[in-house]
Each structure stands twice: as structure tokens, then as C-alpha cells.
Amino acid sequence: MMEDDKAVAELYKAMDISQVEELLQKVMLYADLEGRLIER
């Protein structure tokens, strides 16, 4: 598990902040859409 955390940390360092924000927005969007589908 700790190795995964290190890998994620390295990815974040390698990415530009704007890329990280864009990724988070996509994740939130998909989570929102998935939640709406489940509610139906």
C-alpha cells in the first residue's frame, strides 16, 4: 500500500497542477454521473 502512495506522489510531482485539477474534475464528474445512474 505504501508503495502505491509513493507512486501516486511521484505522478503528482510529474504532473502540472492544472493537469491534476483537470483529472480531479473528471473523476468528480464521473462519480456524479454514476451516482445519478444508481439513483434511477
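Numbering (this note's numbering), first residue to last: 48 to 87.
Think of the CB as a built atom: it goes at the ideal place given N, C-alpha and C, for glycine as much as any other residue.
These numbers come from a predicted model, not from an experiment.
Using a threshold of 8 Å, state whether the C-beta atoms of Y59 and V67 are closer than that. Their beta carbons are under 8 Å apart, which means Y59 touches V67 by this criterion.
Can you give the Cα-Cα distance for E69 and R87, rounded to whole angstroms? Answer to the nearest angstrom: the Cα atoms are 28 Å apart.
Residue range of the unbroken alpha helix (DSSP H) whose run includes R83: Judged by DSSP secondary structure, R83 falls within the alpha helix (DSSP H) whose first and last residues are 64-86.
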